[in-house]
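A.B. asks: Handing you this structure, nothing more for now.
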Amino acid sequence: MTDVIAMQDICKDYTLGSGVTTPVLKSINLIVEPGEFVAIMGSSGSGKSTLMNLLGTLDRPTSGLYLLDGEDINEYDDAALAHLRNQTIGFVFQGFNLLPRRSIVDNIALPLFYGGEERKERVRRAEHYLNQVGLSSHRNYLPGQLSGGQQQRIAIARALAGEPTLILADEPTGNLDSHTSKEIMEIFSALNKEGITIVLVTHEMDIACCAKRLVQLKDGKIVYDGPMY
Ligand SMILES: Nc1ncnc2c1ncn2[C@@H]1O[C@H](COP(=O)(O)OP(=O)(O)O)[C@@H](O)[C@H]1O
Ligand SMILES: [Mg+2]
Numbered sequence: 647m648t649d650v651i652a653m654q655d656i657c658k659d660y661t662l663g664s665g666v667t668t669p670v671l672k673s674i675n676l677i678v679e680p681g682e683f684v685a686i687m688g689s690s691g692s693g694k695s696t697l698m699n700l701l702g703t704l705d706r707p708t709s710g711l712y713l714l715d716g717e718d719i720n721e722y723d724d725a726a727l728a729h730l731r732n733q734t735i736g737f738v739f740q741g742f743n744l745l746p747r748r749s750i751v752d753n754i755a756l757p758l759f760y761g762g763e764e765r766k767e768r769v770r771r772a773e774h775y776l777n778q779v780g781l782s783s784h785r786n787y788l789p790g791q792l793s794g795g796q797q798q799r800i801a802i803a804r805a806l807a808g809e810p811t812l813i814l815a816d817e818p819t820g821n822l823d824s825h826t827s828k829e830i831m832e833i834f835s836a837l838n839k840e841g842i843t844i845v846l847v848t849h850e851m852d853i854a855c856c857a858k859r860l861v862q863l864k865d866g867k868i869v870y871d872g873p874m875y
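Residue numbering for the sequence shown follows our numbering, beginning at 647 and increasing consecutively.
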């Protein structure tokens, strides 16, 4: 089976306006196979979000090889990469990133419109994934009428509706209380049991422990990669 993620010797530098170049990721090697559930941990500034942006192809590495679902992203221009990303990845963010003036069902269906799905299929998937996160009865609400935990469930449904190979979640419980965080993690665990590959960033151990594998970053390097302990 093709690795979902294969990073080889990935480096990322940022050059500031002053012309000073800072290495943020240093020789990252990371393989993620289909069906894995990986938690990325590390202190603030260790490079977790930078790594997630690279994994999500929202940014390109300074050097190194990245195969996403077997595809070398270096061979893709920005438009083709956006297409590959839409086909492959579902994103869940700390801040939910829902459209405030659109109904819940529209929030889930709209990305499918941009992905070129037919209307009937958009509606079918929106209803299906809304049901999967247990919020069918809220289909016509606006995001602001839901709690933080409910909004994050909508964001998860939106990510699922693209039927991705991989879910990337950067601190998805960062804005939620501990009880709600547990509920969100139960959803991720259930999805992983169904076979969806998940890579999740968190700085809370009781969140991370839902994952089966732990990757720890320190100063832009992987210092641990192994079973969750
Ligand atoms: N766009 C950027 N330009 C310059 N420096 C950045 C940029 N994004 C992140 N950094 C720097 O890279 C380091 C890692 O940041 P980040 O990946 O956000 O860490 P984490 O998510 O682990 O807190 C930090 O020192 C941060 O200041
Ligand atoms: Mg971060």
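From the three backbone atoms N, C-alpha and C, an ideal C-beta is built for every residue, glycine too. Source: prediction; values computed, not measured.
Nearest to LYS864 by CA position, among LEU662, GLU679, TYR760 and LEU697, is which residue?
C.D. replies: Nearest C-alpha to LYS864: LEU697.
A.B. asks: Please tell me whether ASP718 and THR648 are closer than 8 Å, where the distance is taken between their beta carbons.
C.D. replies: No, the pair does not count as a contact, with Cβ atoms beyond the cut-off.
A.B. asks: Leaving out five residues before and five after ASP816 in sequence, what residues of the same chain have Cβ atoms less than 7 Å from its Cβ?
C.D. replies: Result list for ASP816: SER695, MET698, PHE739, GLN740 and VAL847, in chain order.
A.B. asks: Considering only C-alpha positions, which residue in the set GLU840, ARG747 and GLU773 is nearest to GLY790?
C.D. replies: Checking every option, the nearest Cα to that of GLY790 belongs to ARG747.
A.B. asks: Taking 7 Å as the cut-off, does the CB of GLY877 come closer than this to any heavy atom belonging to ligand 1?
C.D. replies: This structure leaves residue 877 out entirely; the chain is present only between 647 and 875.
A.B. asks: Any chance you could list the beta strand (DSSP E) runs of at least 3 consecutive residues sitting entirely within the segment 781-860, in chain order?
C.D. replies: Fully enclosed beta strand (DSSP E) runs of 3 or longer: 812-816 and 843-847.
A.B. asks: For LEU676 and VAL861, I'd like the C-alpha separation in whole angstroms.
C.D. replies: In a straight line, the C-alpha of LEU676 is about 9 Å away from that of VAL861.
A.B. asks: Flag this pair as yes or no: are the beta carbons of GLN797 and PHE742 separated by less than 8 Å?
C.D. replies: Yes, they are a contact pair.
A.B. asks: Could you tell me the boundaries of the beta strand (DSSP E) in which SER673 lies?
C.D. replies: It spans 667-678 - the beta strand (DSSP E) in which SER673 sits, taken as one unbroken run.
A.B. asks: Between the segment 772-784 and the segment 794-808, do at least 3 Cβ pairs fall closer than 8 Å?
C.D. replies: A contact exists between the segment 772-784 and the segment 794-808.
A.B. asks: Measuring CB to CB, does ALA807 end up less than 8 Å from ALA772?
C.D. replies: Going by C-beta atoms, ALA807 is nearer than 8 Å to ALA772.
A.B. asks: Per DSSP, THR880 is paired with what?
C.D. replies: For the chain, the structure presents residues 647 to 875; residue 880 sits outside this window and is missing.
A.B. asks: Report buried or exposed for TYR875, applying the criterion of at least 16 other Cβ atoms within 10 angstroms of its Cβ.
C.D. replies: Classification of TYR875: exposed, given that the 10 Å Cβ count is below 16.
A.B. asks: Can you find the residues in the same chain that come closer than 6 Å, C-beta to C-beta, to VAL751, ignoring five residues on each side of it along the sequence?
C.D. replies: Correct list, in chain order: ALA772 and ARG785.
A.B. asks: Please classify GLU717: does DSSP put it in a helix, a strand, or coil?
C.D. replies: Strand, per DSSP.
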